[in-house]
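Novice:
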Amino acid sequence: SLASHYKTTIAKLCIRWSLQNGFIPLPKSVTPDRIKSNTDLFDFVISEEDMTSINALEGVTGYGSDPDQTQW
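With this note's numbering applied, the sequence shown covers 49 to 120.
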């Protein structure tokens, strides 16, 4: 529903969410149109309210560890 609200794709919403959280997203595609589309995500900003909603979602596969805090 958020992708529809922002008139974008779920993939682009996820990439934008990563950027707004200060993460470096690593989208992968071999399709030239999709590669271009993945870089065209500066025409919208996810609101603080929606960022909070997304951040509150529980991960399907769990959560990754902060690599700066992980004991190797």
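Ideal Cβ placement from N, Cα and C applies to all residues, glycine included.
Just so it is clear, the structure is predicted and the values come from calculations on it, not from any experiment.
Tell me whether P80 sits in a helix, a strand or coil according to DSSP, three-state version.
Specialist: In the three-state DSSP reduction, P80 falls in the helix class (H, G or I).
Novice: When you compare only the Cα positions, how much space is there between I83 and S77?
Specialist: 6 angstroms
Novice: Which residues mark the beginning and the end of the alpha helix (DSSP H) in which W120 is found?
Specialist: No alpha helix (DSSP H) holds W120; DSSP gives it neither H nor E.
Novice: Quick one: what's got a C-beta closer than 8 angstroms to N86's C-beta in the same chain, skipping five residues either side?
Specialist: A59, K60, I63, P75, S77
Novice: Which residue from T118, Y54, M99 puts its Cα closest to that of G70?
Specialist: M99
Novice: Where do the ends of the alpha helix (DSSP H) carrying E96 lie?
Specialist: 96 to 103
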